[in-house]
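Structure first, commentary second.
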Amino acid sequence: MKKALYLLASCLCMTTFVHAETIIAPSPQAVISGPSKTVALYGNSYTHYNNNLNTRLRDLARSLLPDGGKGYAWRGITISSGHLGWHIPNLAFQNNLQPWDTVIFQGNSTETISAKAATRASFTESAIKMAAMAHKANEKVVWFMTWARKDKPEQTEKLKRAYLDIARQTGGYVAPVGLAFAASLQQHPEINLYHSDGNHPSLAGSYLAACVLFATLYNQSPVGGALPVDSDMKEPTARALQQTAWEVVTAFRQQNL
Numbered sequence: 029m030k031k032a033l034y035l036l037a038s039c040l041c042m043t044t045f046v047h048a049e050t051i052i053a054p055s056p057q058a059v060i061s062g063p064s065k066t067v068a069l070y071g072n073s074y075t076h077y078n079n080n081l082n083t084r085l086r087d088l089a090r091s092l093l094p095d096g097g098k099g100y101a102w103r104g105i106t107i108s109s110g111h112l113g114w115h116i117p118n119l120a121f122q123n124n125l126q127p128w129d130t131v132i133f134q135g136n137s138t139e140t141i142s143a144k145a146a147t148r149a150s151f152t153e154s155a156i157k158m159a160a161m162a163h164k165a166n167e168k169v170v171w172f173m174t175w176a177r178k179d180k181p182e183q184t185e186k187l188k189r190a191y192l193d194i195a196r197q198t199g200g201y202v203a204p205v206g207l208a209f210a211a212s213l214q215q216h217p218e219i220n221l222y223h224s225d226g227n228h229p230s231l232a233g234s235y236l237a238a239c240v241l242f243a244t245l246y247n248q249s250p251v252g253g254a255l256p257v258d259s260d261m262k263e264p265t266a267r268a269l270q271q272t273a274w275e276v277v278t279a280f281r282q283q284n285l
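Residue numbering for the sequence shown follows our numbering, starting at 29 and increasing by one per position.
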């Protein structure tokens, strides 16, 4: 089954590459070429906490993009506790509604490195299928690298490898959100990135993720962007998170991984 899905994805990716060379990522760390004016983000509670990550990305982008991001759109499609494969029907439905420039796929927290082989296999099969669906619709694929749980920082390296691997298999890009979490915890331990459960993001965590996505999608620094609306976040905190996000994305693109 896995082999068959991989062959299908490869064929679809090769076909798409002929017609739209910017759709397939030359490497997971490459700079995204082509527009990302319409963006759909598929995730779970990691993305819908704190008034949804697409909202945080939207407001940040509107403060930095030309003309206030006129003509741009960001949509969040989330399932609480959802695994990646649960979004296959959602992806098909959204693709029938309108064309998207870019789709962002986020697996369930540590789904990619689960101790259960069946869970890891399900993620891989779903990832290959969804990437093929997206590429067939001329959509670029960005993989949302999730972060380590607060009490298990060693998960960062495992998650990085897992998302790089699936991106290579599927011709996708990687947004190194998990690496930004690790860097921020080292550089700014006073900024709490986690909800009280030590798993889900705090507002600062969501804002950091939005900054990483902005830098990844638009190859532009988020430094100087708007603070998260309807919040009490202070400007020094926002600027620190923006700077960390830009430094991490820049370094990630330059590393030989």
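Quick reminder that beta carbons are idealized off the backbone N, C-alpha and C, glycines included.
Since the structure is predicted, the reported quantities are computational estimates derived from the model, not experimental observations.
Check your understanding: Using 8 angstroms as the threshold, is the segment 236–243 in touch with the segment 267–278, meaning 3 or more CB pairs across them?
Key -> At 8 angstroms Cβ cutoff, the stretches touch.
Worksheet item: Touch check for the segment 246–265 and the segment 175–187: three-plus C-beta pairs under 8 angstroms?
Response: Between the segment 246–265 and the segment 175–187, the count of Cβ pairs shorter than 8 angstroms is below three; the stretches do not touch.
From the DSSP secondary-structure annotation, give me the bridge partner or partners of Y222. Here Y222 is bridged, per DSSP, to P229.
Let's see if you can read the secondary structure: which residues bound the beta strand (DSSP E) around K168? Element bounds for K168: 168–172.
Rounding to the nearest angstrom, what Cα-Cα distance links A149 and H115 in this structure? Roughly 16 angstroms separates the two Cα atoms.
Leaving out five residues on either side along the sequence, give the residues of the same chain with a beta carbon under 6 angstroms from the beta carbon of T140.
Within the same chain, Cβ atoms closer than 6 angstroms to the Cβ of T140 are found at F151, A190, the five residues on either side in sequence being excluded.
Let me see if you follow: with CB-CB separation under 7 angstroms, is S142 close to chain B or not?
In the structure shown, chain B cannot be found, because there is only a single protein chain.
_Beta-carbon spacing of T130, S64 below 7 angstroms_ = With respect to the 7 angstroms criterion, T130 and S64 are classified as neighbours on the basis of their beta carbons.
Grouping DSSP H, G and I as helix and E and B as strand, with all else coil, what is Y235? Secondary structure at Y235: helix, using DSSP grouped into helix, strand and coil.
- [ ] Classify F209 as buried or exposed, calling it buried when 16 or more other Cβ atoms lie within 10 Å of its own Cβ.
- [x] With 16 or more other CB atoms across the displayed protein chains lying within 10 angstroms of its CB, F209 is buried.
Suppose contacts are defined by Cβ-Cβ distances below 7 angstroms. Is A53 in contact with G199 by that definition? Yes, these two residues count as a Cβ contact at 7 angstroms.
The ligand SAH heavy atoms versus the CB of A279: any closer than 6 angstroms? Absence of the ligand SAH is noted for the structure shown, with no ligands found whatsoever.
Query raised in the report: Which residues in the same chain have their Cβ closer than 6 angstroms to the Cβ of S154, if we skip the five residues on either side of it in sequence?
Result: L112, G113, listed in sequence order.
Roughly how many whole angstroms lie between the Cα atoms of G99 and Q248? Their backbone Cα atoms lie some 18 angstroms apart in a straight line.
Starting from the C-beta of T106, find all residues in its chain whose C-beta is less than 6 angstroms away, skip the five residues before and the five after it, and write them out in chain order. Excluding positions up to five away in sequence, the list reads G71, N72, T75, H76.
- prompt: By how many angstroms is the C-alpha of E167 removed from the C-alpha of I60?
  reply: Cα to Cα, I60 sits roughly 12 angstroms from E167.
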